[in-house]
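A.B. asks: Numbering (my numbering), first residue to last: 13 to 260. Even for Gly, the Cβ is constructed at its ideal location relative to N, Cα and C. Here you go, one structure.
Dropping the structure here:
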């Protein structure tokens with residue numbers, strides 16, 4: 013499951029989406045309310061651009077799979093719904109590694125609802141692996157995954173946001189250490205931060221002799237959705253800026 017910033021699981025009686033986007037300022041108080049309901053520490057485990065971007069389509073939070081199970085958390089949320097005389101089926105759902113909850117924004121129905129996706133795994137790994145795109149960037153977290161997979165392929169590796177870096181031929185897990193992944197994919201001296209975004213990855217590989225092989229897959233994938241790699245349109249942007257300057 014890769015974050016897609018689109019809470020649309022819960023529907024109202026008319027079949028319309030029952031949740032809405034949440035403003036950045038409302039994220040922390042909403043999670044604080046959710047911590048009281050679940051008894052879990054959640055505020056330090058946000059994923060993607062939750063609490064970073066000006067608005068979010070949902071709240072994505074990592075839950076330590078060793079601390080509580082999906083069924084146990086779903087039961088807790090179900091009990092809350094029943095206690096508040098609500099139909100649990102309209103509030104709690106499970107899918108894949110997640111428990112989804114129709115969450116009152118800042119704990120009050122008067123503010124509307126946001127979908128919270130509580131995703132089970134290793135929070136430390138997930139917070140790095142499931143990073144969102146940089147605020148203001150045209151590239152999303154999903155684009156970063158495509159980029160990492162692209163540069164891994166010609167080097168004999170396979171990228172998995174769940175399992176880390178794998179041997180491409182055997183699917184044997186090699187490492188989930190972000191620093192080691194960075195050095196294997198980007199070269200000696202590279203750090204985990206160099207894999208934070210499409211932009212940082214591109215900056216590390218653009219001068220490599222195998223650059224074209226590394227970007228082959230991501231270049232094709234981006235072309236299908238109308239995107240280019242960073243700096244690919246640099247001359248065009250420069251020319252447009254020059255024209256604007258002349259007009260002024």
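Going along the chain, which residues of its own chain have a beta-carbon closer than 7 Å to the beta-carbon of residue 63, five neighbours each way excluded?
C.D. replies: Taken in chain order, the residues that qualify are 36, 39, 40.
A.B. asks: Can you tell which of 217, 107, 114, 130 has its C-alpha closest to the C-alpha of residue 80?
C.D. replies: Minimum Cα distance to residue 80 is reached at 130.
A.B. asks: Quick one, which of 102, 128, 189, 114 has its alpha-carbon nearest residue 25's?
C.D. replies: The residue with the shortest Cα to Cα distance from residue 25 is 102.
A.B. asks: Could you tell me how far apart the beta carbons of residue 127 and residue 21 are, in whole angstroms, since I believe they sit closer than 8 Å?
C.D. replies: Confirmed, about 6 Å.
A.B. asks: If you compare alpha carbons, which of 100, 48, 155 is closest to residue 230?
C.D. replies: It is 155.
A.B. asks: Under DSSP, the alpha helix (DSSP H) around residue 234 begins and ends at which residues?
C.D. replies: Its alpha helix (DSSP H) spans residues 223–236.
A.B. asks: Do residue 188 and residue 137 have their beta-carbon atoms positioned less than 7 Å apart in this structure?
C.D. replies: Cβ distance < 7 Å, so residue 137 and residue 188 count as in contact.
A.B. asks: What did DSSP end up calling residue 116 once you bin it into helix, strand or coil?
C.D. replies: In this structure, residue 116 counts as strand in the three-state DSSP scheme.
A.B. asks: Measuring alpha carbon to alpha carbon, tell me which residue in 44, 149, 104, 183 is nearest residue 241.
C.D. replies: Residue 241 has its Cα closest to that of 149, out of 44, 149, 104, 183.
A.B. asks: Helix or strand or just coil, what does DSSP make of residue 241?
C.D. replies: DSSP places residue 241 in coil when its eight states are reduced to three.
A.B. asks: What would DSSP say about residue 33, mapped onto helix, strand or coil?
C.D. replies: Of the three classes helix, strand and coil, the one that applies to residue 33 here is coil, per DSSP.
A.B. asks: Tell me the residue span of the alpha helix (DSSP H) that contains residue 193.
C.D. replies: 190–198 is the extent of the alpha helix (DSSP H) around residue 193.
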